[in-house]
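One structure is given below, encoded as structure tokens.
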Amino acid sequence: MSATEVLARFRAEVGAAVTRARRASGEIGERNAKLRERTRDLAALARDRKVEPGGQATPADVREAARGFRTDRGLAVEQVPDATEPAAPVPAETERVTLGSSAVAGPSGQLPRVSDDDEDFSQSRILY
């Protein structure tokens, strides 16, 4: 094989890999959007106390484990009344959701740029 053929083959393989990655990213994005929507709907049902007939409340130990999981990862924890509590409207004040840990300065001494894009996989966000 000549160098030109090897380079062409390499470029084709890289192009195919990029295409697969983009397709997978799009599919995951769609799945995550559906999951977020379903979670939002379930939270609204719990807040409004609109439970389906025959529906059972989540056991307290499972709720506590979920609350601990979200708290440990720095995620927002919405306060929803227990099944036995009266449904009094409570203003929901949650902290701004931040993904991952706090940024640290890189070798240049600068912090990575702050962005609202939660799907930013640039090198500065990964390395610093």
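Residue numbers (UniProt numbering): 1 to 128.
Idealized CB from N, CA, C, for every residue including glycine.
Query	Result
I believe GLU80 touches ARG47 by the beta-carbon criterion, under 8 Å. Please report the beta-carbon distance rounded to the nearest angstrom.	Sequence inspection shows Val at residue 80; the Glu mentioned does not correspond to that position. At roughly 6 Å, the Cβ-Cβ gap stays under 8 Å, so VAL80 and ARG47 are in contact.
Taking only the alpha-carbon atoms, compute the straight-line gap between ASP72 and ARG11 and give it to the nearest angstrom.	43 Å
So residue 173 is in the alpha helix (DSSP H); what residue range does that whole segment cover?	Any answer about residue 173 is impossible in this case: the structure gives the chain only from 1 up to 128.
When DSSP labels each residue in this structure, what does LEU75 get in the three-state scheme?	coil
Can you name, in chain order, every residue of its own chain whose Cβ lies under 6 Å from the Cβ of VAL18, other than the five neighbours on each side?	none
Rounded to a whole number of angstroms, what is the C-alpha to C-alpha distance between ALA3 and ALA21?	27 Å
Does DSSP put ALA57 in a helix, a strand or coil?	coil
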